[in-house]
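The structure appears right after this line, and notes come after that.
Protein chains: 2
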Amino acid sequence: MSASGLEGYHGEILRRLKSANAEIGSIIRITAKSREVLEGTLFPRSEYTDPNHIVLKLKNGYNIGIHYEKTEKIEVIGEGPKPHFTKPPSPPKSPGLPRVAIISTGGTIASRVDYRTGAVQPALTAADLASVVPELASVAEVEAHILFSELSENVTPAQWTTLAEDVAKRIGGGVDGVVVSQGTDTMHYTSAALSFALQDLPVPVMLVGAQRSSDRPSSDAASNLTGAVALAARADLAAVGVAMHQDMSDRYIVAHRGTRVRKCHTSRRDAFKSIGSNSLARYDLQTGQIEQFEDSTRRRNPRKLIVEPHFDHHAYLLKFHPGFNPEIITSAVSSGARGLVLEGTGLGHVSKYCYDAIKKALKEEVPVFMTSQTIWGRVDMNVYVTGRDLLNIGVTPLEDMISETALVKLMWVLGKTRSPERIRELMLQIVAGETTERSPIMEAV
Amino acid sequence: MSASGLEGYHGEILRRLKSANAEIGSIIRITAKSREVLEGTLFPRSEYTDPNHIVLKLKNGYNIGIHYEKTEKIEVIGEGPKPHFTKPPSPPKSPGLPRVAIISTGGTIASRVDYRTGAVQPALTAADLASVVPELASVAEVEAHILFSELSENVTPAQWTTLAEDVAKRIGGGVDGVVVSQGTDTMHYTSAALSFALQDLPVPVMLVGAQRSSDRPSSDAASNLTGAVALAARADLAAVGVAMHQDMSDRYIVAHRGTRVRKCHTSRRDAFKSIGSNSLARYDLQTGQIEQFEDSTRRRNPRKLIVEPHFDHHAYLLKFHPGFNPEIITSAVSSGARGLVLEGTGLGHVSKYCYDAIKKALKEEVPVFMTSQTIWGRVDMNVYVTGRDLLNIGVTPLEDMISETALVKLMWVLGKTRSPERIRELMLQIVAGETTERSPIMEAV
């Protein structure tokens, strides 16, 4: 693909860009009729973009489309590095490359626009995935297959079981790493599920998705997949991770620990963030190098792993708020809850109006756990009267475990035992880095 | 207070600090028996600190206590600026100072340690508040009173009404600004409530709290209160804000917009963050200057404001997750819900297994709204099939309104009307900056 000219632009819009002496790669300033001013690098228009839009890459890394009828003035204000679409230098494909299994489960990374509804639907096959990202051939010997095809909001705990078993099978088959492609909406729930279901992993298991579908010029599908496959193939890790853009630049694909990650933005490419812990490693899209941040879990040679893939979905996550009706707790119990995670406020609180409902749940042998809706930080129920009261009633605080991970862990623990005492014990036992330890010599004052 | 010596340290711990030639203000390195190394400025020990702890101020601004029995070695590695506890130069108190009403409702900022349980309980009177922070006298003419005394997790929507009416009364009395002290756990819910209940404000209303109680050396009570009073007294604003530490330094108290703020950490002083919008203003604790970031709402001279203080608590916030039982929606409706906010995933999704329960709720004239559990970003239900389906069913997306604000707004709207059509209309009408507008000429591609 040529890096100059005005590819993809036609008609009036082409004429206006030409008369401004703009080329693909020019840094241009657009003044809108509304007086708003936007500056960025002119990008080629792909066949999927609305033909009336000028595509700009902003400094913050976003691609945006600006309807040309809304523009008042277009000026070239500089020349940026021409966008290049060539592959980075890569070794020729050889049988010596690491073997990576890609398991496709659906989502944006494997989707295309449905012209009937105009919306995005899961569609591409696993083979398509590899074919639309030719870079993969130089990174690993890829074996792709479709396990199921589901938008991630529809993925169930039963499908986590299917997935965990399939990942274990691929690892048993001798691959050097596994990549699971999934929709991003619930990817952090799935990564937590795999973290608990697959213990003593010998190789990395990377979940990957895309925030923009692969037919959009700003799609992160190719770069995320390349990074995830590279990390699965070569990182000296043996853990479940989520591999996505680190920030708004296009430089790094970062692997977050499966139990310490959360989707924190509806649409940004760097929506996934490690919460209160370091990420595991990152892949540099420019140099192809991998940097590792954690040295806890290295690849191991014995390929045997422990597979405990069962989840009992009778676990509830209830978010407390002022005006919260304690009946929600009671109806959760009567509709079959076997364990509850309360997402409390601050250091781990709910109002005194909930005490009776919690006592009733505990009396019916439904264990109750506490996390915080603040997301960051650690619950500490020894500081305030409310926390002490809740501890006395029998609520179990979950340290700095994030709520979503706590819920998934509870489903996993319920899949192993029904004894309230054993459930509590297992919830507090660190299985996959889901809580971080307090520094033993420090104490907040 | 002298700035050197080894105040507050006694016995063995004093002996060890002396033999290391450490003084208050020295930068010291402590090597623990566990080999962990900590560096920071030596702070005086207050009578409330455990006598066996050495108090260090770390570079990141945190104060920590280290049990001396766990230390192996103590070395002085430099001299920092001596901690100073003198007041900044301040004008003498004069009747020309702005008048600020402080309304106390409880929480850490007005709390002390209960030696019976060892936990923190609300206790100080409003007059105490002013007396423990003598700086206030130079900032404003303060009139303090206690409205109620409640830990914030116990504050109810009915108490928001009491509070809104009291704030309106103080404004009617001619003050130049109002400060409301409250526990931080649900302070962002209260700030949203006041934002909707008090419209066309003539002066600023600042909520303030503390993350550490005032008897701890690292307490943020005094600095937060000083900042909040200064902002209420002098900022050229007419809006509800939350005034707390901007970051880990002790420099700025920032005022976040009441509808765009969230507690994002269990314990840090800078736990409150503006979500997807600028903060309103900030107060520089060093220079006493105020910087304003928004020019939308300036102080107004007509002191009449619109008071709509009623909230109907029959609103539910339900957080979706994989394995979510749709019966929760149904039992919310049968236990009297008059409106639901679903905290969906990603761009605003819940699983297809919830469709029937949502349809049933809507059929019973219970409007259903959608926000995202990602916290940041905007829901957009036109992108994926799931979003389209939910729109077709009749779910109403709430743009980039944060979930907690959406819930409070729904309670407020339900306090005004029971018509589902009118509820929807009011939920989408911007009342207090609760959603931000999309840039009209930009479109994500």
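If you read the sequences in order, they're chains C and U. Numbering-wise (the working numbering), the first sequence opens with residue 785 and increments by one. Numbering-wise (the working numbering), the second sequence opens with residue 785 and increments by one. We put the beta carbon where it would ideally sit given N, CA and C, even for glycine.
Chain U contact for residue i (CB, 7 angstroms cutoff)
i: C/T1129; result: yes
i: C/P988; result: no
i: C/H1040; result: no
i: C/Y852; result: no
i: C/P1106; result: yes
i: C/H1133; result: yes
i: C/R1162; result: yes
i: C/L1101; result: yes
i: C/L857; result: Reading off the sequence shown, one finds Lys at residue 857 of chain C, where the question assumed Leu. Cβ-Cβ to chain U under 7 angstroms: no for C/K857.
i: C/V964; result: no
i: C/V939; result: yes
i: C/D1054; result: no
i: C/S1119; result: yes
For residue i: DSSP bridge partner residues
i: C/M781; result: As displayed, chain C neither begins before 785 nor continues past 1229, which places residue 781 of chain C out of reach and without an answer.
i: U/G824; result: U/I812 and U/L842
i: C/F1056; result: C/K1047
i: U/D1068; result: U/Y1036
i: C/G1128; result: C/S1156
i: C/L1239; result: The requested residue 1239 of chain C does not occur in the structure, where chain C is confined to residues 785 to 1229.
i: U/Q1076; result: U/A1065
Sub-7 angstroms separation of residue i and residue j beta-carbons
i: U/V858; j: U/A816; result: It should be pointed out that residue 858 of chain U corresponds to Ile in this sequence rather than to Val. Going by C-beta atoms, U/I858 is not nearer than 7 angstroms to U/A816.
i: C/A1141; j: C/I1177; result: no
i: U/V1026; j: U/S979; result: no
i: C/R1122; j: C/L1212; result: no
i: U/A976; j: U/V1091; result: no
i: U/Y1067; j: U/G1011; result: yes
i: C/G1130; j: U/T1050; result: yes
i: U/A1055; j: U/Q966; result: no
i: C/R1082; j: C/D1020; result: yes
i: U/H837; j: U/G849; result: yes
i: C/E1127; j: C/Q1157; result: yes
i: U/V1013; j: U/V963; result: yes
i: U/D960; j: U/P1086; result: no
i: U/A1016; j: U/M990; result: yes
i: U/A1216; j: U/V1125; result: no
Cβ of residue i within 7 angstroms of any chain C Cβ
i: U/L982; result: no
i: U/L1191; result: yes
i: U/L935; result: yes
i: U/N1008; result: no
i: U/V1091; result: no
i: U/C1048; result: yes
i: U/K1136; result: yes
i: U/D1140; result: no
i: U/Y899; result: Residue placement at U/Y899 is flagged as unreliable, the pLDDT there being 41, under the threshold of 50; the coordinate-derived value follows with that caveat. Output row for U/Y899: interface = no.
i: U/D969; result: yes
i: U/T1071; result: no
Local conformation of residue i per DSSP, three classes
i: U/S874; result: For U/S874, the predicted model reports a pLDDT of 39, less than 50, meaning its position is unreliable; a value from the coordinates is still stated below. In this structure, U/S874 counts as coil in the three-state DSSP scheme.
i: U/V923; result: helix
i: C/S1061; result: coil
i: C/T1050; result: coil
i: C/R900; result: Unreliable placement is indicated for C/R900, whose pLDDT of 44 sits below 50; the coordinate value is still reported in the next sentence. Correct three-state label for C/R900: coil.
i: C/K854; result: helix
i: C/F980; result: helix
i: U/A885; result: strand
i: U/T940; result: coil
i: U/S1156; result: strand
i: U/P867; result: Any reading at U/P867 needs caution, since the residue's pLDDT is 48, under 50, leaving its predicted position unreliable; the model's value is listed next. U/P867 falls in the coil class under three-state DSSP.
i: U/G795; result: helix
i: C/T1010; result: helix
i: U/E859; result: strand
i: C/P1110; result: coil
Contact the region 1028-1043 of chain C vs the region 930-949 of chain C: 3+ CB pairs below 8 angstroms: Output reads no: the region 930-949 of chain C does not touch the region 1028-1043 of chain C.
Contact between the region 1155-1162 of chain C and the region 1184-1199 of chain C (3+ Cβ pairs under 8 angstroms): yes
The region 983-995 of chain C touching the region 916-934 of chain C, judged by at least three CB pairs closer than 8 angstroms: no
Three or more C-beta pairs below 8 angstroms linking the region 1000-1010 of chain C and the region 1138-1157 of chain C: No, the region 1000-1010 of chain C does not touch the region 1138-1157 of chain C.
The region 954-962 of chain U touching the region 935-942 of chain U, judged by at least three CB pairs closer than 8 angstroms: The region 954-962 of chain U makes no contact with the region 935-942 of chain U; the number of CB pairs closer than 8 angstroms stays below 3.
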